[in-house]
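Chains A and B, in that order, are what the protein sequence lines are. Using my numbering, read the first sequence as starting at 15 and increasing by one per residue. Using my numbering, read the second sequence as starting at 72 and increasing by one per residue. Working notes, structure below.
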Amino acid sequence: MFDLGDDALGQWVGTCDRGPQAVRNRVGATFIGMTVSGGADRTSSDLELDAFDDVYERCFPPVWSYAVSRVGRQAAEDVVSETFAIAWRRQTSIPVDALPWLLCIARNVVFDSYRVAARQRLIDMALRTRIAVVRANEPDIAESIVDRDQALTALASLSERDRELLMLIAWHGLSPRRAARVLGCSRPAFFVRLHRARGRLERALDRHAAANVSSDPLSVARTHNKRGTP
Amino acid sequence: MTTPTDGIRILTEARPDDLEAPDQLIRDRIYRAAVAAPVSSARRSRAHRRRFVVPAVATSALAAGLVVALLAQPLRTGTAPAHSARVVPAESAHASPAVPADTSARAVLLAAANVVEKTAPAAVGRYWHTSTQSWEAATSTYPSQTIVMDVWVARSPDDQSWWTLPIRGKAELTPAGLGLSDPYHTRFDVLYDRFLTFAELQQLPTDPAALEAYILAIPPHHPDLPVVPVSDRLFDACIALAETPAPPDVRAAAFRLLAGLPDLTALGQVTDALGRPGVGVSNSDFDGEEMIIDPSTGTLLALENFANVGGKMEMTDYQATVVAAWTDTVQPPAPIAS
C-alpha cells in the first residue's frame, strides 16, 4: 500500500494520522459529524500489517535507544522484541502518537524482566563500556571529553528513577508532556521530579568537577579518574 | 564556578553513540519475532471508554486527597457535588440547557471559540499566575499523589519567574529557570516546546490555517525522534495555547483549528476531577488525553489522561487549572493539606 523508501518516510510520517492507522481508529466510534459502526471488514490483516509496519518504521529507533539506555546494548534486543510483540498483540490500541505508548510498554517490560539488582548491573556495565569507549576513541585533552566522561559518571551515581527521567529529556528528546505520558504522571508532577533529578545531577557534576575525585559507584570509572588525577 | 551548572545541556551533549539503531539484520529479526506472536483475541472487544470506569476512579482520586474537596468548594458556587458521577452520556447531554443542542466535538469547540473571541483581553500584570492541581494513579515506580502547583511566569523575560515546589507537605517558593537551558516556567511552553515570551504570544497568527502552518513548521525537538503525527501536534499545541495569556483571537483560532481535527470524540457534558461541570473532548478513542472546557468562558478546566489497564479504560492522571490570571505579586502558597 505504501512503499516506504527512506526518502518517502520523511514525508509520510508527517501525515501518518491520515493513514490506515487513523482509518482503523475511527471504526466503531463517533467522530466529528459522523458515526461509523461495525467495520470488521476494514480491519483486514493487510491493513493491520501496514499500520503496524508504519509504527515499527517510525518508532523502532527511539524504542531501541530507550532500551539500550535502560538495560544496555546486550539486553536491548530482548526488551525491544518483547515491546513490539506486545504492541503487535495490542495493535488495535496503538494511539496515533505511538511513541510514548511504546516507551511505556518498554518500561514495563524492563520492570517485569529484570529485578532491581539486575537492572543496576546492566546499566553499570553499559555505562562502564561507554566511559571506556569515550576514553579510547577520543583524545583525553579535549575539555568536552572531560564533560562527557563526567556527565556519564555523574549519571551513574544517581538513582534509577532519576536517571530514567533525565534520559527521557536529554537523550530521548521527549517533551515534558510526552515524557509524563511515558511515566504515567501529570505534567506538574513531572516538572517536580525533573527539578529534583536535575538538582542531584548538577550537584554530582559539581562534585566531580571540583574534586575531580570520583564518588561514583563504578569502580572502573573511579580507577580511571584516580589515574587521571595528579 | 561562576555560572550555574546546566546538567540537562551537559547530559544532552554526552549522549552516547551506542544509542543509535542497530543494523537492518537485527531490526528485521525483531520485526519477525514481533509479528509472529498471535494477535490477542480480545483485541476486537474494545475497551469501553471512560463512562463506566471513570466515576469509580474519580471517586477514589477524590478520597485520596482532602485537597480536592478543600479546593473544589471555593472555586465556584453551585458546582455539582464532588462525588457525583463524572460523565453524563453524550446522548442525553441535550437535556441540559447549558450545553448546545449540537454536542459534536466540532460544535463544542467552535462554540468555545466564539465565546473566547468575544472576551476582552485581560489587563496584564507583572506575572501570569496559574495554579493547577494534579493527581496521578500509582505506578510501578511512584505512589499515587496529588500535587498543587503555582507558577508565576513574569511578563518580561528579564524579570524573575517563580514556581512552587511541593516538599514534604509544604509548597516552597522557588525561582524558575535556574539552568541555562531551563525555560520551564520562565516562558510559555506552547506549541510543542516552542517556548514563547508574552510578547511573542501576542504575535501568533489569528487565522486557524496560519496557526496550523506555524505549528507544523516547528521542527521536531530532537533529530533522532520520529515526527509526532500531525493531529497530535496540533491537539497538544492548541490545548497548550488555551492555557496561556495569548490574545483572545489567537486562542479562538486554536479552538477553531482543534474543531477541524480528525479523530476527536465528543464526551458530552462531564464534570472534571474537581467536580466542575464542563464539556469534554478527547483526541482518541483509546489511550489518550481529554480536555474539559468550561463552555461559558471557553477556558480549559482540566486535562485528563486515560490508559487501557487490563482491558479497562482508567484515568492515569489529571491536571486541573484552578487559577489562571494576571497578578502583580508572588505569594507564598498556603500549606498543602496532606
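Built from N, CA and C at the ideal position, the CB exists for glycine as well.
Query, Result
"Span of the beta strand (DSSP E) around B:Y285", "Careful: B:Y285 lies outside any beta strand (DSSP E), inside the alpha helix (DSSP H) at 279 to 287."
"Listed by chain order, chain A residues near B:I81 by CB distance under 7 Å", "D161, A165, L219"
"Minimum Cβ-Cβ distance from B:Q390 to chain A less than 7 Å", "yes"
"Start and end residues, alpha helix (DSSP H) containing A:L179", "174 to 184"
"B:N376 - partner residues in DSSP beta bridges", "B:E360, B:D388"
"CB contact below 7 Å: B:V401 versus chain A", "no"
"Outcome for B:D388 when other beta-carbon atoms lying within 10 angstroms are tallied against a minimum of 16", "buried"
"Cβ pair A:S95, B:I101 closer than 7 Å", "yes"
"Simplified DSSP assignment, three categories, for A:R207", "helix"
"7 Å Cβ cutoff, B:F380 in contact with chain A", "The amino acid occupying residue 380 of chain B in the given sequence is Val; Phe does not appear at that position. Output row for B:V380: interface = no."
"Straight-line Cα distance separating A:A120 from A:A89", "12 Å"
"Three or more C-beta pairs below 8 Å linking the stretch 78 to 86 of chain B and the stretch 170 to 186 of chain A", "yes"
"CB of B:P297 within 7 Å of CB of A:C73, strictly", "yes"
"Option nearest B:W63 by Cα separation, candidates B:A104, B:D343, B:P93, B:P246", "Outside the displayed span of chain B (72 to 409) sits residue 63 of chain B, for which this structure offers no information."
"Min CB distance B:T76 to chain A below 7 Å", "yes"
"Identity of the residue in A:Y80, A:A65, A:D67 nearest B:P93 by Cα", "A:Y80"
"Range covered by the beta strand (DSSP E) that runs through B:A337", "336 to 342"
"Whole beta strand (DSSP E) elements within the stretch 200 to 269 of chain B, 3-residue minimum", "216 to 225, 233 to 238, 241 to 246, 259 to 261, 265 to 267"
"Listed by chain order, chain A residues near B:M220 by CB distance under 7 Å", "P202"
"Beta-bridge partners of B:A396, as assigned by DSSP", "B:H200"
"Sub-7 Å separation of B:I310 and B:A183 beta-carbons", "no"
"CB of B:V219 within 7 Å of CB of B:T277, strictly", "no"
"Contact with chain B by A:R175, beta-carbon distance below 7 Å", "yes"
"Three-state secondary structure assigned by DSSP to B:L345", "coil"
"Burial state of A:R207, where buried means 16 or more other Cβ atoms lie within 10 Å", "buried"
"Selected residue, minimal CA-CA separation from A:I100, among B:V110, B:L181, B:T201", "B:V110"
"Those residues which DSSP pairs with B:K383 across a bridge", "B:V380"
"Span of the alpha helix (DSSP H), counted from its first residue to its last, around B:A102", "A small fix is needed here, since residue 102 of chain B is Tyr in this sequence, not Ala. That run of the alpha helix (DSSP H) goes 95 to 107."
"Distance between B:L236 and B:T368 (C-alpha atoms, nearest Å)", "29 Å"
"As assigned by DSSP and simplified to three states, the class of A:G213", "helix"
"Chain B contact residues for A:R129, given Cβ-Cβ distances below 9 Å", "Within chain B, no residue comes near A:R129; the closest Cβ sits about 12 Å away, beyond 9 Å."
"Cβ contact check for the stretch 187 to 196 of chain A and the stretch 139 to 147 of chain A: 3 or more pairs under 8 Å", "no"
"Cβ-based neighbour list, A:E174, same chain, cut-off 8 Å, excluding 5 preceding and 5 following", "V130, R133, Q134, I137"
"A:L219, buried or exposed, once every other Cβ within 10 Å from all chains shown has been counted against 16", "buried"
"Touch test, the stretch 220 to 228 of chain B against the stretch 190 to 201 of chain B, Cβ-Cβ under 8 Å, three pairs minimum", "yes"
"The stretch 271 to 287 of chain B in contact with the stretch 239 to 246 of chain B per 3-pair CB rule at 8 Å", "no"
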